[in-house]
Every structure is written in C-alpha cells, then in structure tokens.
Amino acid sequence: MCCRLEFGMKASGMRMVTRSWSREPGAGPREGRKSHRPMRRQRKAQSLSVAYEASDDEKGEGTELLKVPSWEPQDWQQQLANIRTMRSGKDAPVDQLGTEHCYDPSAPPKVQRYQVLLSLMLSSQTKDQVTAGAMQRLRARGLTVDSILQTDDSTLGTLIYPVGFWRNKVKYIKQTSAILQQRYGGDIPASVAELVALPGVGPKMAHLAMAVAWGTVSGIAVDTHVHRIANRLKWTKKVTKSPEETRRALEEWLPRNLWSEINGLLVGFGQQTCLPVRPRCQACLNQAMCPAAHRL
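And the structure:
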C-alpha cells in the first residue's frame, strides 16, 4: 500500500511542495507483544517532483504569478468598434423585426415568454420579415398555449406559411406547446438544458430565449450570420463548421460582458454589409484588417 507524503516549507519567499511515494511501513506490534515479522529494507524513494507556488500571504506586492496567456484574435477590438460604428443607425431588419419586437408587450409575462419562444422557433432559416408577418397573424387570433393547441394543423400551417420548413414547425410547435402546458403550466423553462430538450428548439434559440424572455445571459446566440462573420474575421482559433462550434470558440475568449450584444450586432452587420454572397467589402470599415476581404 502506498501513501503520499506532502510537506511545505518557505524558501526564497515561496512554498515548496514535494511529493514522493514509498511503501507504507507495517503496523507496529501491540505493547507487550513481540513482532516476528522480519524487517524489510525500505524501498528507495522515487525521484522527487518539486513545484513552487506562492502561499496566500505571499501573493501580492512584489510577487509575479505565472499566467497562462489566453488566445484572442488580432485586431478584434478595433474590428468590433468599426462594426458598432457601421451598425449605429440600427436600421437592419433585426433591429425592427427581431425577436424582441415580435411578442405582445401588453400580454401577461407568461404569455410574453411563450410568444418569444414561438417567434424563435419560426425564425429558424427564415428572414425576419417573414417571421414577423407570421407572428402578427398568430397574435391576431390570440397567441397562447391553449389557442395553439386548439388550432388544427392545417390552419396553423396557413398562418405561419411561408416560414422555412413550415410543415415541420407546425409539428414542433404543437408538440412543444403540449409539453409546456403539461410540465410548465403554460410557461417556458428557465434553463438552456430544458429549452433545448423541447422539440424544434436549438441552442441559439435557447440562449436568445434566456436573454429576451428571462433577462439572463446564458451564452452567445450564434446563427448563420454570426457563424459566417466570426470565421471571416478569424475570431476563432480554427475554422469552425457549425454555429454551435462557433459559439463554444467565441465563449473561450470574448469577454462575457459582450455576449448579450454580439448577436444583434453581427446579425444586422450580416444583413446589411457582410452578406453571405457578394459581401459589400468596399463599404466595410474593416476591409483593410479583414482576413477574408481579399478572397471575397
């Protein structure tokens, strides 16, 4: 049986921690009894592993702690400042028709949160203008969990058409609404894990629902615009292949106080300037420092 021995000592203003492994000596005989166990030669201790670290009372003035440098993209702060400048007009579709503008502000909070989630489900692979139109038609009939469950599939499909994959969304909306009624009393879950477990709800929708419906920043909401722009600007260590991979890469270095801003900022930038096809590089303030500009 082995034991680990640790001891600390002060040396040159630092604490030395050593670890060695040796065989545990046999238990001593009880008083008044002789041990007939032959003495064994102590096994030679293995080489010591020595590490130095500053103790709590030594951390402070005159002590320089080693820090692992964190990666961050080159020029990202200037690039972000330029994007803010280009987005200062707040005149992109997302600014007028995004999720924050699709729910009824006069409805009870629980209904507002449900409408936020529904608008996010409709918005997948759909332009903001189309999503906003579908939400207006739904709200005109009274958009609640109960009203959706009482609407037949054919009528619901007519109301949300022409959002992308509208047939699948009819099915997902009905399934999710039933779950919300049965498990959450008609409200929506207040955690990302529970939200993504709902039919038709992905990570981007979950993080946006947490931000808009619950006022909680749980992560960066990454859609196709954010995914595309992050890769063009090389805001990831390596090329990412999916929005979810991009989200994880961005969250590794982007300061948390920027997480709530980055989605709306980049989505509008992607709608107006950094387009999927034929981006308007000539009108972009980041043209000179954009790694992708010379290739587009």
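Residues 44 to 339 (our numbering) make up the sequence shown, in order. Quick reminder that beta carbons are idealized off the backbone N, C-alpha and C, glycines included.
Along the alpha helix (DSSP H) that carries residue i, what are the first and last residues, could you check?
i      : result
Asn274 : Thr267 to Arg275
Gly311 : Trp302 to Gln315
Asp189 : Val188 to Leu192
Lys153 : Pro152 to Ser166
Asp171 : Asp171 to Ala183
Trp114 : No alpha helix (DSSP H) holds Trp114; DSSP gives it neither H nor E.
Ala335 : No alpha helix (DSSP H) contains Ala335, which DSSP labels as neither H nor E.
Thr128 : Trp119 to Met129
Leu140 : Pro136 to Leu140
Quick one: residues in its chain with C-beta nearer than 6 Å to the C-beta of residue i, no 5 flanking neighbours on either side, listed in chain order?
i      : result
Ala249 : Val235, Leu238 and Val239
Ala335 : Arg275
Cys317 : Ile272
Ser166 : Thr174
Let's test the definition: count the other Cβ atoms within 10 Å of the Cβ of residue i and tell me whether it reaches 16, buried, or not, exposed.
i      : result
Leu186 : buried
Leu223 : buried
Asp266 : buried
Leu140 : buried
Asn306 : buried
Looking at C-alpha atoms only, which residue of the options is the closest neighbour of residue i?
i      : options                           : result
Pro136 : Gly176, Ile263 and Lys247         : Gly176
Val188 : Thr219, Ser167, Thr169 and Thr279 : Thr219
Lys212 : Leu309, Glu115 and Leu163         : Leu163
Ser113 : Gln139, Cys324 and Lys280         : Lys280
Tyr204 : Leu241, Val310, Gln172 and Arg226 : Gln172
Who are the near neighbours of residue i in its chain, counting only those whose CB is closer than 8 Å to its CB and skipping five residues on each side?
i      : result
Asp118 : Met332
Gly200 : Trp209, Arg210 and Val213
Thr289 : Val265, Val269, His270, Ala273, Asn274, Thr279 and Thr283
Going by beta carbon distance, what residues of the same chain come within less than 7 Å of residue i, once the five residues before and after it are set aside?
i      : result
Pro298 : none
Trp278 : Pro116, Trp119 and Leu293
| message | Which complete alpha helix (DSSP H) runs does the segment 199 to 262 hold, if anything under 4 residues is left out? | response | 209 to 227, 235 to 239 and 246 to 257
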